[in-house]
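Read top to bottom, the protein sequences are chains A and B. Using our numbering, you'd call the opening residue of the first sequence number 895 and step up by one each time. Using our numbering, you'd call the opening residue of the second sequence number 6 and step up by one each time. Just so you know, even glycine gets a beta-carbon here, dropped at the ideal spot from N, CA and C. These numbers were taken from a predicted model, which means no experiment stands behind them. Structure record follows, encoded as structure tokens.
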Amino acid sequence: MKAGVSPPTAESRAQARARLAGLGFALPAVAWILLFFAAPIVIMAAYSLMPLGPDGRPGPLGLGAYETFFAESAFTAALWNSVVTTVVVVVASSLLAYPFAYGIARVVPRRWRRLALAFAILPFWTSYVVRSYAWLLALSPVGFINHALLALHVIDHAILFAYNPQATELGFVHFFIMLNALTIYANLAQINPHYVMAARDLGASAWRCFLSVTLPLSIPGIAVGAFLTIVLCIGDFVTPQILGGFRGLLLPQVVMMQIQRQLNLPMASVMSLVLTLVVALAYLAMQRWLRMARL
Amino acid sequence: MTRRMRWPGAGTALSALYMALCYGFIFLPVIVLVLFSFQSGDLPAPPFNGPSLRWYQAASADGRLVDGFTNSLLVGGSSSALSVLLGFFAAYGIARYEFPLKRAIQAIVILPLAVSYLLIGMGLLVSASWLGLSPSLGTVVVGHVVVNMPLAFVICLAQLGEHQRRVEAAARDLGASTFRVLFSITAPMIAPALIAAFCLCFTLSWDETLIALLNTRFDVTLPVVILSLLRGGVSPLTNAAGSFIFLCSILLMVVVELLLLRQRR
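Here you go:
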């Protein structure tokens, strides 16, 4: 008997009530996201269309703020710096993290694996600000690295390693190696070991086996790590602010200046949306592999 | 055969060396941080003279750090409690009931996970300014719930299985109301996951800087205090505060690990 055809029985009323109950349980969470996540972003998008007038208040609707953004070379340079930094960080942290994750998954004995992994992500739990600060300490002219290089006579006077784009990239890579090692490991652990054994039995060398079996199967893990890296790296303000200094500004630093010094919220909104657009483009480009990942 | 015996050995040695280098790289800043928090001199740099608790005493007497600590506890505690409550309700609804738009609702709830904190923080800042609200810790709590509730939702959803469903049905047959079942049967059964979710949300909120920086002015959280301390240059005071934050996070994560590990077995 179909519920739609029959007169309302106790059964179908109970079903309808269950549907309402399910919706009721999900409603507070959905309302929270819509009210405090979706609506604010819509408001921000509206603000980006109301460039500041000469009186310093948001003016009539228009694309003026976008035009200003793309016409101002300091802004587009910051966008370019952000994209380049993100690409460098994604490539470097995937390349460095892969052999590390592979080592944990294939070389470390099974009973030590969990511990090896826990140790690998332990510094992850230092505060984000504090971690960048710790790199600043290591890289400063009186810091640990200069101290070691001077003692080894590699250099004869202290060098300031911090306050440049490379220091920012180093700070980022340090953070994202841990993240990528985690996603790549999770993926490697899921690969059926019989595939590798079968390839070896059929005469493939260890290298051949890695290149044509393990590596292709682990691409989803690399993709998830890379995408998370893009999302978190391109919008970060803390690491470039602490380690990068003011040469080669990244876009989030410029956003912060627009807010704190220029009090120009429409322009800051434009910049945040441009960064989000870059992330969305990256998602579209990587969609194929991200869909395959089951983490 | 001999080649096969020899090469894995060399490969393993190489791999072990690489892993040791990686661990060294990953731990270097943490060691620098914690070691020089025990510095007795004025500069967090070699030579190390200590150990001394001088800077820990200074940190516990520093008004900005103590206020920041209190604010961070408040923001972390309230935002994590809200995140777990909302996330648990939503997960229960999704796991136990059939209703239209279920997939869409699930997608909406986890959407903030794919967006950078900058966008979330900016959205709240612009909206608060539009509504004429002044920056406050309340906005930060709202933002942290947006960021952390999806995680609590995912963790709860993963733990709600068939096992509890049978016990819930039995309780309902014995006359328990929907909410009675939820609070006396389901919640206690997945309590370890709820506590783990709370600790994880707390750790992330405790560490979050960008949303907090954008949406506060005078009352600020601990990471924002530390960011502003850095403008005055490096000092072992920052090391002490940073090491303390690290210790708190590690303790919470050990709790999470123990709870989730026990649950899995």
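Exercise for review: Would you mind working out which of ALA920/A, LEU1122/A, GLY997/A, ALA932/A sits nearest GLY98/B, comparing C-alpha positions?
Suggested key: What you label residue 98/B is simply residue 93 of the second sequence in a count that begins at 1. When only C-alpha atoms are compared, the closest one is ALA920/A.
Review point. Should SER139/B be labelled buried (16 or more other beta-carbon atoms within 10 Å of its own) or exposed?
Key: Walking along the second sequence from the start, residue 139/B turns up at place 134. Under a 10 Å Cβ-count criterion, SER139/B is classified as exposed, with fewer than 16 other Cβ atoms of the shown protein chains found around its own Cβ.
Practice item. Evaluate contact between the stretch 175–193 of chain B and the stretch 114–128 of chain B, counting only Cβ atoms and requiring at least three cross-stretch pairs below 8 Å. Key: At 8 Å Cβ cutoff, the stretches do not touch.
Exercise for review: Any chance you could list the alpha helix (DSSP H) runs of at least 4 consecutive residues sitting entirely within the stretch 1061–1149 of chain A, in chain order?
Suggested key: Whole alpha helix (DSSP H) segments, 4+ residues: 1087–1095, 1100–1103, 1113–1128.
Review point. Could you give the distance in angstroms between the alpha-carbon of GLY92/B and the alpha-carbon of ARG911/A?
Key: Reading the second sequence from its first residue, position 87 is the one you call residue 92/B. Reading the first sequence from its first residue, position 17 is the one you call residue 911/A. If you draw a straight line from the Cα of GLY92/B to the Cα of ARG911/A, it is about 22 Å long.
Check your understanding: Shorter than 8 Å from the beta carbon of GLY68/B to some beta carbon of chain A?
Key -> The residue labelled residue 68/B in the question sits at position 63 within the second sequence. Judged by the 8 Å Cβ criterion, GLY68/B is not in contact with chain A.
Check your understanding: Hey, ALA64/B and LEU242/B: beta-carbon distance below 8 Å or not?
Key -> As a working note, residue 64/B is residue 59 in the second sequence. As a working note, residue 242/B is residue 237 in the second sequence. Here ALA64/B is near LEU242/B, since their CB atoms are less than 8 Å apart.
Exercise for review: Would you kindly report the start and end of the unbroken alpha helix (DSSP H) that includes TYR1022/A?
Suggested key: For the purposes of this step, residue 1022/A is taken as residue 128 along the first sequence, with counting starting at 1. 1022–1033 is the extent of the alpha helix (DSSP H) around TYR1022/A.
Review point. Starting from PRO934/A and walking both ways along the alpha helix (DSSP H), at which residues does that stretch end?
Key: By 1-based counting over the first sequence, the position of residue 934/A is 40. Run containing PRO934/A: 933–942, per the alpha helix (DSSP H) assignment.
**Study point:** Simplified DSSP assignment, three categories, for PRO56/B
**Key:** In the second sequence, residue 56/B corresponds to position 51, counting from 1. Look at PRO56/B here: in three-state DSSP terms it is coil, with no helix or strand label.
Practice item. Go through its chain and collect everything with a Cβ distance to MET1150/A's Cβ below 6 Å, but skip five positions before and after it. Key: Indexing the first sequence from 1 puts residue 1150/A at position 256. For MET1150/A, same chain residues with a beta-carbon under 6 Å away, outside a window of 5 residues either side, are PHE1131 in chain order.
Check your understanding: What do you get for ALA198/B, buried or exposed, if any count of 16 or more other CB atoms within 10 angstroms of its CB means buried?
Key -> Sequence index remark: in the second sequence, residue 198/B carries index 193 (1-based). So ALA198/B ends up on the buried side.
Practice item. Using a Cβ cut-off of 8 Å (strictly closer), state whether GLY92/B contacts chain A. Key: As a first step, residue 92/B must be located in the second sequence, where it is residue number 87. True, the Cβ-Cβ gap to chain A drops below 8 Å.
Point to revise | Cβ pair GLY1037/A, LEU1043/A closer than 8 Å | key: Within the first sequence, residue 1037/A is the residue found at index 143, counting from 1. Within the first sequence, residue 1043/A is the residue found at index 149, counting from 1. Their beta carbons are not under 8 Å apart, which means GLY1037/A does not touch LEU1043/A by this criterion.
Exercise for review: Kindly indicate which three-state DSSP category PRO952/A falls into: helix, strand or coil?
Suggested key: By one-based count along the first sequence, residue 952/A stands at place 58. Strand at PRO952/A.
Review point. Of all the CB atoms in chain B, is at least one closer than 8 Å to the CB of TYR1027/A?
Key: Numbered from 1 along the first sequence, position 133 holds the residue referred to as residue 1027/A. Interface residue (Cβ-Cβ distance to chain B less than 8 Å): TYR1027/A is classified as such.
Point to revise | C-alpha gap between VAL1164/A and GLY128/B, whole angstroms | key: The count along the first sequence starts at 1 and reaches residue 1164/A at position 270. The count along the second sequence starts at 1 and reaches residue 128/B at position 123. Approximately 11 Å between the Cα atoms of the pair.
Practice item. Give the DSSP bridge partners of LEU1208/A, in chain order. Key: The structure shown does not extend to residue 1208/A, since chain A spans only 895 to 1189, so no value can be given for it.
Check your understanding: Closest to LEU74/B by CA distance: which of LEU264/B, MET194/B, PHE249/B, LEU263/B is it?
Key -> Stepping through the second sequence from its first residue, residue 74/B is reached at position 69. The residue you asked about is not Leu; residue 74/B is Phe in the sequence shown. Closest option to PHE74/B, Cα to Cα, is PHE249/B.
Point to revise | Under 8 Å between C-beta atoms of ALA986/A and MET1072/A | key: Within the first sequence, residue 986/A is the residue found at index 92, counting from 1. Within the first sequence, residue 1072/A is the residue found at index 178, counting from 1. The answer is no: Cβ separation not under 8 Å.
Point to revise | Assumed close pair VAL872/A, ILE110/B - CB separation to whole angstroms, cut-off 8 Å | key: No answer is possible for residue 872/A: the residues shown for chain A start at 895 and end at 1189.
Review point. Hey, is the stretch 974–993 of chain A in contact with the stretch 1118–1137 of chain A, meaning 3+ C-beta pairs nearer than 8 Å?
Key: As far as the Cβ criterion goes, the stretch 974–993 of chain A touches the stretch 1118–1137 of chain A, which means the pair count is three or higher.
Point to revise | Contact with chain B by GLN1181/A, beta-carbon distance below 8 Å | key: The residue labelled residue 1181/A in the question sits at position 287 within the first sequence. Interface annotation, GLN1181/A: not in contact with chain B, CB-CB separation never under 8 Å.
Check your understanding: Would MET1091/A be called buried (16 or more neighbouring beta carbons within 10 Å of its own) or exposed?
Key -> Position 197 of the first sequence, counted from the start, is the residue given in the question as residue 1091/A. Classification for MET1091/A: exposed.
Review point. Of all Cβ atoms in chain A, is any one closer than 8 Å to the Cβ of CYS204/B?
Key: In the second sequence, the residue the question calls residue 204/B occupies position 199. It does not; no Cβ of chain A falls within 8 Å.
Practice item. Give a yes or no on whether the C-beta atoms belonging to GLY916/A and PHE53/B are separated by under 8 Å. Key: Looking up residue 916/A in the first sequence gives position 22. Looking up residue 53/B in the second sequence gives position 48. The answer is no: Cβ separation not under 8 Å.
Review point. When the cut-off is 8 Å and only beta carbons count, does TRP60/B lie next to chain A?
Key: The residue labelled residue 60/B in the question sits at position 55 within the second sequence. It does not; no Cβ of chain A falls within 8 Å.
Exercise for review: Taking all protein chains shown into account, decide if GLU167/B is buried (16 or more other Cβ within 10 angstroms of its Cβ) or exposed.
Suggested key: As a working note, residue 167/B is residue 162 in the second sequence. Counting Cβ neighbours within 10 Å, GLU167/B comes out exposed, since fewer than 16 surround it.
Exercise for review: Use the C-beta contact count for LEU264/B: other C-beta atoms within 10 angstroms, 16 or more gives buried, fewer gives exposed.
Suggested key: Taking the first residue of the second sequence as 1, we reach residue 264/B at position 259. LEU264/B comes out buried.
Point to revise | Identity of the residue in PRO155/B, GLY82/B, ALA15/B, LEU48/B nearest TRP926/A by Cα | key: As a position in the first sequence, residue 926/A is number 32, starting the count at 1. The shortest Cα separation from TRP926/A among PRO155/B, GLY82/B, ALA15/B, LEU48/B belongs to PRO155/B.
Review point. Quick one: is ILE1136/A near chain B, going by C-beta distance under 8 Å?
Key: Start at 1 with the first residue of the first sequence, and residue 1136/A comes out as number 242. Between ILE1136/A and chain B, the shortest Cβ-Cβ separation is below 8 Å.
Exercise for review: List the endpoints of the continuous alpha helix (DSSP H) containing TYR102/B.
Suggested key: Within the second sequence, residue 102/B is the residue found at index 97, counting from 1. In the DSSP assignment, TYR102/B falls outside any alpha helix (DSSP H) and carries neither an H nor an E.
**Study point:** Status (buried if at least 16 other CB within 10 Å, exposed otherwise) for THR903/A
**Key:** Along the first sequence, read from residue 1 onward, the residue named residue 903/A stands at position 9. THR903/A comes out exposed.
Check your understanding: Which whole-angstrom value describes the C-beta separation of SER1112/A and ASN1081/A, a residue pair presumed to lie in contact below a C-beta threshold of 8 Å?
Key -> In the first sequence, residue 1112/A corresponds to position 218, counting from 1. In the first sequence, residue 1081/A corresponds to position 187, counting from 1. Confirmed, Cβ separation roughly 5 Å.
Review point. By Cβ distance, which residues of its chain are closer than 8 Å to ARG1102/A, with the 5 residues on each side in sequence left out?
Key: On the first sequence, residue 1102/A is found 208 positions in, with the first residue counted as 1. Excluding sequence neighbours, ARG1102/A sits near ALA1093.
Exercise for review: Could you spell out the range, first to last residue, of the alpha helix (DSSP H) harbouring ARG1000/A?
Suggested key: Here the question's residue 1000/A lines up with position 106 in the first sequence. No alpha helix (DSSP H) holds ARG1000/A; DSSP gives it neither H nor E.
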